[in-house]
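Colleague: Supplied in structure tokens, the structure appears directly below.
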Amino acid sequence: MSQRVRKAVFPVGGLGTRFLPATKAMPKEMLPVVDKPLIQYAVDEAREAGIEEMIFVTGRGKTAIENHFDRDIELEQVLKSRGKTAELDDLQALMLDAGNVIYTRQQEAIGLGHAVWCARHWIGDEPFAVLLADDLVQAKTGCLKQMIDRYNETGGHLVAVENVPREHTNRYGVLDVVETKGNLVKARDLVEKPDPAVAPSTMSIIGRYILDPSVIKELDRHDVGAGGEIQLTDAMARTLDRVDFHGLQFDGTRFDCGSKRGFLEATISFALERPDLSDAMQDIVNRYAK
Ligand code: G1P
666 MSQRVRKAVF
676 PVGGLGTRFL
686 PATKAMPKEM
696 LPVVDKPLIQ
706 YAVDEAREAG
716 IEEMIFVTGR
726 GKTAIENHFD
736 RDIELEQVLK
746 SRGKTAELDD
756 LQALMLDAGN
766 VIYTRQQEAI
776 GLGHAVWCAR
786 HWIGDEPFAV
796 LLADDLVQAK
806 TGCLKQMIDR
816 YNETGGHLVA
826 VENVPREHTN
836 RYGVLDVVET
846 KGNLVKARDL
856 VEKPDPAVAP
866 STMSIIGRYI
876 LDPSVIKELD
886 RHDVGAGGEI
896 QLTDAMARTL
906 DRVDFHGLQF
916 DGTRFDCGSK
926 RGFLEATISF
936 ALERPDLSDA
946 MQDIVNRYAK
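Using the numbering used here, the first residue of the sequence shown is number 666, and each one after it goes up by one.
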């Protein structure tokens, strides 16, 4: 039986250059899909999966994220006096457990591996999850919950994966797959953003990880990889002689909300699923269809 996963790291220090000018003064993780910011989808997914401690690795200009998960007494009073109880309940549900949330800063955005390393003292020596809010997953059962349900079987490192078009492998961490059993794949190596011509497969990591804490020691080295950044993929790869590595082909649809196309698609898809908006969105889609 694997150790329980209680902690999740949310790297939110990235600059969001692909969404400028929207993200000049606002964290990219606060971009709303319908009416919920991306970071809240990720936090809700972690809660659903039973995560108790949330560790945010933030950076300059990201305080809106902290405020989002904190109380706003004035707003609460206004909603109360206007009898807006549903909105009030929504706000209350946002709150993170006092003492179970940590904000630490990554002073420079020098890679996902470095962001995770910045959380090392709070992670300690237990398995932990990492969620990238840019990757939004629409699923009946949250992607991280699906992973935690399988983690007892796999232990080690378990990441969410999907097949991508070969010409896109240079955007992802890619697995060298040795075995496929149903929706679980086993890998013997990983490469960060390989050129399509040399990618070992098209099975690619999307932003959900359950990691063995041994990865932290590898991150201590601060080795620089693809794109001149300290890569989590490289650190995981260096543990593979000791730690099993599996990818779960999760049930659901993943939207790359770091890209404009993915973000627009997510907005349409999530609105279509909302009972209060689906008719309106269907109408809009029909109207603009060629
Ligand atoms: C990061 C990881 C990459 C992973 C991707 C998923 O890349 O480094 O391995 O496949 O997230 O979205 P980034 O998108 O930050 O360049």
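Positions of the beta carbon are idealized from the N, C-alpha and C atoms, including for glycine.
Could you tell me whether any non-hydrogen atom of the ligand G1P is closer than 7 Å to the CB of LEU849?
Modeller: Because no heavy atom of the ligand G1P lies under 7 Å away, the Cβ of LEU849 does not count as near it: no.
Colleague: Taking 8 Å as the threshold, find out whether the stretch 725 to 742 comes into contact with the stretch 831 to 838 through three or more Cβ pairs.
Modeller: Judged by Cβ distances under 8 Å, the stretch 725 to 742 makes no contact with the stretch 831 to 838, as fewer than three pairs qualify.
Colleague: On the CB-based measure, 16 or more other CB atoms within 10 Å of its CB, does GLY678 come out buried or exposed?
Modeller: It counts as buried.
Colleague: Please determine whether the Cβ atom of THR845 lies at a distance below 7 Å from any heavy atom of the ligand G1P.
Modeller: Answer for THR845: no, Cβ out of range of the ligand G1P.
Colleague: Within its chain, find whatever has a CB closer than 6 Å to the CB of THR819; leave out the 5 residues flanking it on each side and keep chain order.
Modeller: Same-chain partners within the cutoff: HIS911.
Colleague: Report all residues from its chain with a CB closer than 6 Å to the CB of TRP782; omit the five preceding and five following residues, and keep chain order.
Modeller: LEU884, listed in sequence order.
Colleague: What's the gap between the Cα of ARG853 and the Cα of LEU840?
Modeller: Rounded to the nearest angstrom, the two C-alpha atoms are 8 Å apart.
Colleague: Less than 7 Å between the CB of ILE870 and some heavy atom of the ligand G1P, yes or no?
Modeller: Flag set: Cβ of ILE870 near the ligand G1P.
Colleague: GLY715: which of GLY776, PHE684 and LYS810 sits nearest, CA to CA?
Modeller: Checking every option, the nearest Cα to that of GLY715 belongs to LYS810.
Colleague: By DSSP, does ASP755 sit in helix, in strand, or in coil?
Modeller: ASP755: helix per DSSP, three-state reduction.
Colleague: Count the other CB atoms within 10 Å of the CB of THR845; is the residue buried (16 or more) or exposed (fewer)?
Modeller: Result: exposed.
Colleague: Does the structure place the stretch 927 to 935 close enough to the stretch 694 to 712 that three or more beta carbon pairs sit under 8 Å?
Modeller: The stretch 694 to 712, when compared against the stretch 927 to 935, does touch it at the 8 Å Cβ threshold.
Colleague: Helix or strand or just coil, what does DSSP make of GLY892?
Modeller: Three-state result, GLY892: helix.
Colleague: For LEU897, verify whether its CB is less than 7 Å away from any heavy atom of the ligand G1P.
Modeller: Yes, Cβ of LEU897 sits closer than 7 Å to a heavy atom of the ligand G1P.
Colleague: Report the three-state DSSP secondary structure of LYS672 (helix, strand or coil).
Modeller: In this structure, LYS672 counts as strand in the three-state DSSP scheme.
Colleague: Should TYR837 be counted as a contact of the ligand G1P given a C-beta to heavy atom distance under 7 Å?
Modeller: For the ligand G1P, at least one heavy atom lies less than 7 Å from the Cβ of TYR837.
Colleague: Under 8 Å between the Cβ atoms of LEU753 and GLY872?
Modeller: No, Cβ-Cβ distance for LEU753 and GLY872 is not below 8 Å.
Colleague: From this set, ASP944, PHE675 and ARG669, which residue's C-alpha is nearest ASP800's C-alpha?
Modeller: Selected option, being the one with the closest Cα: PHE675.
Colleague: If you reduce the DSSP assignment to three classes, tell me which class GLY872 lands in.
Modeller: Residue state, collapsed to three classes: strand.
Colleague: Could you tell me whether any non-hydrogen atom of the ligand G1P is closer than 7 Å to the CB of ASP800?
Modeller: Flag set: Cβ of ASP800 near the ligand G1P.
Colleague: Output needed for PHE928: all residues of its chain with C-beta closer than 6 Å, excluding positions within five of it in sequence on either side, in chain order.
Modeller: The residues are CYS922.
Colleague: Let me know the secondary structure DSSP gives GLN803 once reduced to three states.
Modeller: In the structure shown, GLN803 sits in a strand (DSSP, three-state: E or B).
Colleague: Our contact map puts LEU759 next to PHE734 with C-beta atoms below 8 Å; I'd like the distance itself, whole angstroms only.
Modeller: Correct: roughly 6 Å between the Cβ atoms.
Colleague: Closer than 7 Å to a non-hydrogen atom of the ligand G1P - does that hold for the CB of GLY917?
Modeller: No; taking the cut-off as 7 Å, the Cβ of GLY917 has no heavy atom of the ligand G1P nearer than that.
Colleague: With a cut-off of 8 Å on the beta carbons, I'd call PRO861 and ARG831 a contact; round off their distance for me.
Modeller: With a Cβ gap of about 5 Å, PRO861 and ARG831 count as contacting.
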